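**Student:** Structure in structure tokens, see below.
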Amino acid sequence: SFHDMFTFHPCHFFSTSLGRRSFSVYSRFISLSKQLCTQSVPGKDVFKQHATGPEMQHQMTTWYPSSTELQHLAELYNFDSEHELRSYLMSIRKKQRNVKGIWTSSKKSHLDAFLRDRQANHTTAVDKATVASLCEDLELSREQVRGYIRRWRDGKPGVITPEKKAYLREWAGNNLSTLQPTEDQVKHLMSEMDLNRKQVRTLLRRLAFPSSQVSSASRAIVQEWYDIHQHIPSADDYANLRKSTELSTQQIYAIVYKYRQQGGVSTPETRQWILEWCQQNHFRLPTDDEYQQIAVHTRLSRLQIYNLMYRYKQEYVEKK
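If you read the sequence shown in the numbering used here, its first letter stands for residue 22, the second for the next number, and so on.
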């Protein structure tokens, strides 16, 4: 029987290099299924009951089973497919991560000590696994932990004065050629003006590259640039377009994005050309460079090209 297969070959399923947590959660579900098999066949409700129980719920937020584990558990607990089980696990992770906990002085002290230690080691980034571990230890949501880390990293806000704005505008004109300053530049401005990180970045965006009214001439310049290049502008492209149009980076991006989504008119000739491309390339999706080449040839947007290719691939699969 299926149950005998699990009891007879336990090492076969645990021989892969799984993480300690994945191994623990997976083996726990296998153990539960063996106990339940003596009475009745385990079902979805039994799996969900244990997955959301007090013993397992914190571990479920960081458990990402392998395809082999998904297949075994889906069959063992009578899920319709691996996809159904994967979707259910995703919903559990999302729900658990969004459950907000209660802030206490000890939790804040714990995070402060953790961040000071990382700062002393010149490590500012906090990866997903570390955030998940902090959420579990402190019984806080991911949003709460990330928000606290971001506010701690940004520092306390300072007072914005006209003199600081004038200094920042002059500094940006002499030192900044792209929208994004370097980390060292941000730290320098934070210490010079007694402002936090968020204030410095916001002021740079508003003062260094101010918005102006979008005229038909400036819009035509941006659209003509996109017709030639067929991609989102780089930092240097943005700098050149700002000089020629007197628009902000945000305004240029909005024009490019909207124009890119509109695309062109799909004619029988362009559809036939795309179909032949799909047949020659075995109905795979194009690379970014190939998307640009196809867009230049057909005058269609990336979304239009993708939808046509997806439809042709579905028709090909149905015929087979």
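Don't be surprised by glycine CBs; every beta carbon is placed ideally from N, CA and C. Since this is a predicted model, take the numbers as computed values, not measurements.
Are Leu228 and Trp173 close, meaning C-beta to C-beta below 7 angstroms?
**Tutor:** Working through the sequence shown from its first residue, we reach residue 228 at position 207. Working through the sequence shown from its first residue, we reach residue 173 at position 152. Not in contact: Leu228 and Trp173 (Cβ atoms no closer than 7 angstroms).
**Student:** If you reduce the DSSP assignment to three classes, tell me which class His93 lands in.
**Tutor:** Residue numbering aside, residue 93 sits at position 72 when the sequence shown is read from its first letter. If DSSP states are grouped into helix, strand and coil, His93 belongs with the helices.
**Student:** Quick check: the stretch 293 to 311 against the stretch 238 to 245, are at least 3 beta-carbon pairs closer than 8 angstroms?
**Tutor:** Touching, no, given that fewer than three Cβ pairs across the two stretches are closer than 8 angstroms.
**Student:** With 16 other CB atoms within 10 Å as the buried threshold, where does Lys185 fall?
**Tutor:** The sequence position of residue 185 within the sequence shown is 164, counting from 1. When all chains shown are included, Lys185 counts as buried.
**Student:** Select from Gly168, Val180, Ile181 and Val221 the residue whose C-alpha is nearest the C-alpha of Ala363.
**Tutor:** Outside the modelled stretch of the chain, which goes from 22 to 341, sits residue 363, for which no answer is possible.
**Student:** Using the beta-carbon count (16 or more within 10 Å), is Lys341 buried or exposed?
**Tutor:** Here residue 341 refers to the residue found at position 320 when the sequence shown is read from its first residue. Label assigned to Lys341: exposed.
**Student:** Determine the contact status of Val166 and Val180, defining contact as a CB-CB distance below 7 angstroms.
**Tutor:** Your numbering for residue 166 matches position 145 in the sequence shown. Your numbering for residue 180 matches position 159 in the sequence shown. No, Cβ-Cβ distance for Val166 and Val180 is not below 7 angstroms.
**Student:** Run through the stretch 258 to 317 for me and flag every whole beta strand (DSSP E) of 3 or more residues, listed as ranges in chain order.
**Tutor:** Complete beta strand (DSSP E) runs here, min 3: none at all.
**Student:** Among Glu336, Leu262, His252 and Asp258, whose alpha-carbon lies nearest the alpha-carbon of Val235?
**Tutor:** Counting from 1 along the sequence shown, the entry for residue 235 is found at position 214. For the residues Glu336, Leu262, His252 and Asp258, the minimum Cα distance to Val235 belongs to Leu262.
**Student:** Does His104 come out as helix, strand or coil in the three-state DSSP assignment?
**Tutor:** Looking up residue 104 in the sequence shown gives position 83. Of the three classes helix, strand and coil, the one that applies to His104 here is helix, per DSSP.
**Student:** With distances taken from CA atoms, which of Ser130, Leu53, Lys116 and Lys115 is nearest Tyr98?
**Tutor:** In the sequence shown, residue 98 corresponds to position 77, counting from 1. When each option's Cα is compared against that of Tyr98, the closest is Leu53.
**Student:** From Ala275 to Glu336, what distance separates their C-alpha atoms?
**Tutor:** Counting from one through the sequence shown, the residue named residue 275 turns up at place 254. Counting from one through the sequence shown, the residue named residue 336 turns up at place 315. Using only the alpha carbons, I get a separation of about 35 angstroms.
**Student:** Mind checking whether Ser322 and Arg292 have CB atoms under 7 angstroms apart?
**Tutor:** Counting from 1 along the sequence shown, the entry for residue 322 is found at position 301. Counting from 1 along the sequence shown, the entry for residue 292 is found at position 271. No, Cβ-Cβ distance for Ser322 and Arg292 is not below 7 angstroms.
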